[in-house]
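Peer 1:
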């Protein structure tokens, strides 16, 4: 409205000026105004200084201004851009580039069901904008968010293209319910749970990230709600934090076309030091000797290095990404359309992923009061996958395990040049990993459609009614085939095939009323509404076996004669919610937010379905006080306090009902018949898990907002944990657990954010950094008797183990130690941690720390003329845990070992051994198996060059860049990647060359 | 505008009214036990669920043979995991996962039997079938409790389906009470069932043989009752007299994947990878690793466990049953014949009883075997043992029983009759006792009996040098003690 008034005024002024000018000698000044992104800028005010002469630029950013003299100064101004004054100096054409100087304080922050200016925010919210995400190769949003926001710990759990990523906001607040945050994508809440169909019954699942369907290039902003005051509006699903994703939309102005593409090469992030053939043979000899078996390799040295399976299984792999987008406005409609093709070869042979996405976002002002917005995105992902989880006791192993555990004694090919199929000594469930990986067929295809339509109607000044209908539908197909000739499991079953389909459809309806009113110094924003959301999930699987041969595989299961295992499953959940929120401000100084959400969830027991989640927050902008203003130091100084209750319902459906299934089949008289069984003990009192969170925060800006600092302290206590507890076997439910509301834990920590424009002239240096520290402590196990990973006073996931002190080199040492009289030389020496003078099972301590003590990320950006250099480092400190146990197990002969096993205890090597002998009689879980998973990574280093407009006047903003991901990892961790571990698919380091063109 | 406000309010109100319905759960892929049991088919499915429970990996498919064979003198573990090593070395404690797995599997199956016994009486269906299903469920419940009491002694007696968690906290019942409960179930079942049921299901033969074994086992337990041996001997006689059952002529046909449900078989759990459902991996586990020509498709086994060499050597080479139990020769990759002492893991493989030598696929060869819980040879030897305990070897036909088994061994496959092992005669009660145990060891090796025989006859300490008194019972799984809210106590010595 303001702008329209301004335009009217300017037009009037222009008319006046024109009339005046008629009397004088006139020349015409003209030119084009662009921004530093080299986009044409319509609507910029151009004025002759100290006169009433002025105009505004047109859609193409052009202006022409009649002036009477060739001297004078032109003033160019536009909201959020630095005003520029230029002396005319006799020129008739003046082109100008305006610089964006939007202040952090004016940024718009998306909160649940609305937006706020950063300065008015009372909650703890981190934001990441498109600019922070661009020009980095990544398949998914989470990869890009890693290290960019405080309080957000993102862990890549697999290196597989499109694989799962774990996101924890302020720690894990639950034990058995989900710990992933709630995503709200263009207003539609979405829990990033698995949408994968099952894998085979031998555990061949390849978990993928459902969020990989979202093309990160389409994202305009990401706002991460962390404290209860911000998340309570999402009540039942807010306790793990909320990530609000807003996709790009059209803006007023002419059509902007953008191409962004890159091409890159990836490599395994690093290789693991394992034994070579002669070393492994020596180990097997030692094992055989210790177990009184004949020595299998009389001349281990003659085997040389053998096969390096990491070289055989991993390869340099290429990736490419192409994105074209168009955006702009036509009349009263605005549009953003994009198409994307992403193609990533996997670093494991015979793997990779392709993604095709298409998006069309439209907004139409139907009248001054009514606006319709539409969001539509389609995405297809097509993965060539290999099993990621080692499962079925080694029936099917992951690529990473195969690369490390396969003995180097085995050669890939035999003397005839065919795949070697002779197991090495001690191999169980043998397969030649190269043969297996190359011939196994795994194809996961997913179609995803998301869309919503929003009607927004201004009922009165300040009163807006909004109604949204959104859908998110995913259809996934999984096809696998394990050949009988090259895979262990295929061999046993005569070929194992698998066909699965899963369809998940989620529908949301949301109706809200918002009212904004300013009465002198009082400002109110009130929100009320109700929403419903429901999800249906149907999956079906078919697992044929006994194929006539391997030629047709899964594409012709007709010939498979084994009894196929089939299954289908349909589940549904629904949620009804009522929401309300009041934002109140007094004099821009005192801020108050109160919200409540009532949620009714189908997942809980009758009579326990409804939960109420209130929150309150207050902010005090000290910078508005005179005494602070007088200091002249702060542009903003704000103190925030919030407290609220949020919930969690991310457990499976139907947990409160007794269930009977008919899958307990039995053969009678040669015929397989269905049998019935009860599957779980019903909990008729099942209800919400609740988190109560206190947050105290401070924001400060100095030096004309060049330096911004944020600090938050929080404590989040989760009670009535949705906790699957062990129940006595006498219940008749065996190892299956029962879901209860019991136990409690807390997460406590602080976060610091810093951004600084250290140098602002021709040579610019921007720094942004964040630091987070979180501590999780289990405070009560409630009804649970405890498990092997849960101990009061420690973080969930801690395991109980002995403290390992070293190897007993000889009997003398055993006698001298005295506490382990039964030990033999070569056994493990353990600490008497409780000091009772005996070594027993009671000396076990919780060992390992499943979550890092602190994490931080630092981004430095240096700019000079068109060059930008970005260096982004990220670090995680204090996580300790175990890894592939077989690599580190001296008693196991089925697999290769870490290189350190060359120093294994043997009678010959008794004095210098550092690793317990293969005959170790007291091998048990201990600190021997714990590795430090702290790391410091050069996540991204990127050099880009933006061509000056003068060089390519026919194009808009155009840049080339060279970007490297994960090039350096500093860590003591012995496996592939301290972040991901070594069990699954290893992570990559990547170099890409990219190009960005604007038209 | 009023219209729109009105419209929005209507939506809001309508949604409120439908709220309750909207968030009521609608199950699609499972049934509710409350409305499941509608007819005879449902009752039959629930009964099959109890049979199916025996075949879990955690039970007869794996742990029920692995645990007793590794603890006994029959087997050693070779490539086995840490738990297997501890069982083999008798160095286990109450935290051993295998014991927990087995304990849980047994109670799962007891619960399934309790569901049948508790719910089927109310099902509208054919009364005769109803009685029969309940009888079979009682047989299975008795078998489960018999396994429990033999492994652990005093165990919780859960007699009804548990519907609330509170009811799951049950303390240990005395050994006597457990036996009384088992015997009652078996007596009930015996009164109802026909001699023989369709293959895979229990009949009167199964029930009677199990009851005989229960009395024989109780007779030497702390709950021994006057007349247990007599009851055992009589019940054995009853089984032997049933026309549906007789000893096979050839020992090799008495058990094995290609001789399932033969007339000697009294109760076998039916598993087959090729038909579907569960299957046992005993053969795959026992077949040697790195030895060729034994398994079709050029595959090899796992050597998870092998025959104990002392055990193997203690059986006479002249005994037809030795070569019918062990596999001792195979080929290396180049096709050279190797005796077991030259194998990569030089232990005789006790896989012969589990494999199906007629199968051409790995799947059918190594994963097709049933678990034979009871067969007639066992009954002959039980009767011999019971009669000897009553009045020495001269009692009735004690010699006839054991000599029938030995005669079958001499008969071989019929083509070359041996004179080993000769008929027994003129033994003292003590030597006859030893002879029966020795006969059982050879005849029933690797069929899940040896461990229980050593315990029943109190020979554990003399046969296993590492055994101590506490090894007569397994430790109660530590986890279950923790879970029991103080109801469970540990066995002495653990």
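Residue numbers (the working numbering), protein chains in the order written: chain W, 49 to 1047; chain P, 8 to 501. From the three backbone atoms N, C-alpha and C, an ideal C-beta is built for every residue, glycine too.
Which chain W residues sit within Cβ distance under 9 Å of residue 128 (chain P)?
Peer 2: Within chain W, no residue comes near residue 128 (chain P); the closest Cβ sits about 16 Å away, beyond 9 Å.
Peer 1: Below 6 Å CB to CB, which residues in the same chain sit around residue 541 (chain W) once its five sequence neighbours on both sides are set aside?
Peer 2: Taken in chain order, the residues that qualify are 593.
Peer 1: Indicate the three-state DSSP secondary structure (helix, strand or coil) for residue 498 (chain W) in the structure shown.
Peer 2: Three-state DSSP puts residue 498 (chain W) in a strand.
Peer 1: I need the straight-line Cα distance from residue 203 (chain W) to residue 845 (chain W), nearest angstrom please.
Peer 2: The straight-line gap from Cα to Cα measures roughly 16 Å.
Peer 1: Can you check which of these residues, W:782, W:924, W:566, is closest to residue 509 (chain W) by C-alpha distance?
Peer 2: Considering only alpha carbons, the answer is W:566.
Peer 1: Which class does residue 569 (chain W) belong to by DSSP, given the choice of helix, strand or coil?
Peer 2: Coil at residue 569 (chain W), not helix or strand.
Peer 1: Helix, strand or coil: which one does DSSP assign to residue 187 (chain W)?
Peer 2: Correct three-state label for residue 187 (chain W): coil.
Peer 1: What would DSSP say about residue 861 (chain W), mapped onto helix, strand or coil?
Peer 2: Three-state DSSP puts residue 861 (chain W) in a helix.
Peer 1: With contact counted as at least three CB pairs below 8 Å, one residue from each stretch, are the region 423-431 of chain W and the region 325-334 of chain W in contact?
Peer 2: No, the region 423-431 of chain W is not in contact with the region 325-334 of chain W.
Peer 1: Can you check whether the C-beta of residue 94 (chain P) is within less than 9 Å of a C-beta belonging to chain W?
Peer 2: No - not a single Cβ of chain W is within 9 Å of the one on residue 94 (chain P).
Peer 1: Could you pull the start and end residues of the alpha helix (DSSP H) that residue 279 (chain W) belongs to?
Peer 2: Run containing residue 279 (chain W): 276-279, per the alpha helix (DSSP H) assignment.
Peer 1: Could you tell me the distance, in whole angstroms, from the CA atom of residue 1006 (chain W) to the CA atom of residue 531 (chain W)?
Peer 2: Looking at the two C-alpha atoms, the distance is approximately 50 Å.
Peer 1: Report the rounded CA-to-CA distance for residue 466 (chain W) versus residue 496 (chain W), giving the unit in angstroms.
Peer 2: Those two C-alpha atoms are separated by around 42 Å.
Peer 1: Would a check of beta-carbon distances place residue 307 (chain P) closer than 9 Å to chain W?
Peer 2: By this cut-off, residue 307 (chain P) is an interface position.
Peer 1: Measuring only between beta-carbons, confirm whether residue 282 (chain W) sits less than 9 Å from chain P.
Peer 2: Not one chain P Cβ lies under 9 Å of residue 282 (chain W).
Peer 1: Of all Cβ atoms in chain P, is any one closer than 9 Å to the Cβ of residue 439 (chain W)?
Peer 2: With a pLDDT of only 44 at residue 439 (chain W), under the threshold of 50, the placement of this residue in the model should not be trusted, and no figure is reported.
Peer 1: Go through its chain and collect everything with a Cβ distance to residue 339 (chain P)'s Cβ below 7 Å, but skip five positions before and after it.
Peer 2: Answer for residue 339 (chain P): 299, 345, listed in chain order.
Peer 1: Thinking just about the alpha-carbon of each residue, which of P:110, P:123, P:204 is nearest to the one in residue 717 (chain W)?
Peer 2: Ranking P:110, P:123, P:204 by Cα distance to residue 717 (chain W) puts P:204 first.
Peer 1: Exposed or buried, which one is residue 698 (chain W) when buried takes at least 16 other CB atoms within 10 Å?
Peer 2: Buried: at least 16 other Cβ atoms inside 10 Å.
Peer 1: Starting from the beta carbon of residue 341 (chain W), find every residue of chain P whose beta carbon is closer than 7 Å, and list them in chain order.
Peer 2: Chain P residues near residue 341 (chain W): 352, 353.
Peer 1: For the region 784-802 of chain W, enumerate the residues whose C-beta is nearer than 7 Å to any C-beta of chain P, in chain order.
Peer 2: Here the close residues are 786.
Peer 1: Could you compute how far the alpha carbon of residue 708 (chain W) sits from the alpha carbon of residue 735 (chain W)?
Peer 2: If you take the alpha carbons of residue 708 (chain W) and residue 735 (chain W), they lie about 22 Å apart.
Peer 1: Please report whether the beta-carbon of residue 555 (chain W) lies at a distance below 9 Å from any beta-carbon of chain P.
Peer 2: Cβ-Cβ to chain P under 9 Å: no for residue 555 (chain W).
Peer 1: On the DSSP bridge assignment, give the partners of residue 212 (chain P) in chain order.
Peer 2: According to DSSP, which records beta bridges pairwise, residue 212 (chain P) is partnered with nothing at all.
Peer 1: Tell me whether the beta-carbon of residue 81 (chain W) lies closer than 9 Å to the beta-carbon of residue 144 (chain W).
Peer 2: Closer than 9 Å, so yes.
Peer 1: I want to verify the contact list: residues of chain P whose CB lies under 7 Å from the CB of residue 657 (chain W), in sequence order.
Peer 2: What residue 657 (chain W) touches in chain P: 30.
Peer 1: Considering residue 418 (chain P), what are the terminal residues of the alpha helix (DSSP H) in which it resides?
Peer 2: Counting along the chain, the alpha helix (DSSP H) containing residue 418 (chain P) begins and ends at 405-418.
Peer 1: For chain W, check one thing: does any of its Cβ atoms lie closer than 9 Å to the Cβ of residue 156 (chain P)?
Peer 2: Answer no: the Cβ-Cβ gap between residue 156 (chain P) and chain W never drops below 9 Å.
Peer 1: Whole angstroms are fine: how far does the CA of residue 222 (chain W) sit from the CA of residue 519 (chain W)?
Peer 2: Roughly 28 Å separates the two Cα atoms.
Peer 1: If distances are taken between C-alpha atoms only, which option among W:607, W:192, W:574, W:696 comes closest to residue 988 (chain W)?
Peer 2: Answer by Cα proximity: W:192.
Peer 1: Any beta-carbon of chain W closer than 9 Å to the one on residue 291 (chain P)?
Peer 2: Output row for residue 291 (chain P): interface = yes.
Peer 1: Within 9 Å (strictly less), CB to CB, does residue 618 (chain W) reach chain P?
Peer 2: Yes - at least one Cβ of chain P is within 9 Å of the one on residue 618 (chain W).
Peer 1: Residue 559 (chain W) and residue 515 (chain W) look like a contact to me (Cβ under 8 Å); what is the Cβ gap, rounded to whole Å?
Peer 2: Correct: roughly 5 Å between the Cβ atoms.
Peer 1: From P:343, P:326, P:372, P:433, pick the residue whose C-alpha is nearest to that of residue 423 (chain P); which is it?
Peer 2: Selected option, being the one with the closest Cα: P:326.
Peer 1: Checking contacts by CB at 9 Å: is residue 118 (chain P) closer than that to chain W?
Peer 2: It does: the Cβ of residue 118 (chain P) has a partner Cβ on chain W nearer than 9 Å.
Peer 1: Can you pull the chain P neighbours of residue 646 (chain W), defined as C-beta to C-beta under 9 Å?
Peer 2: In chain order: nothing, as chain P lies at least about 10 Å away.
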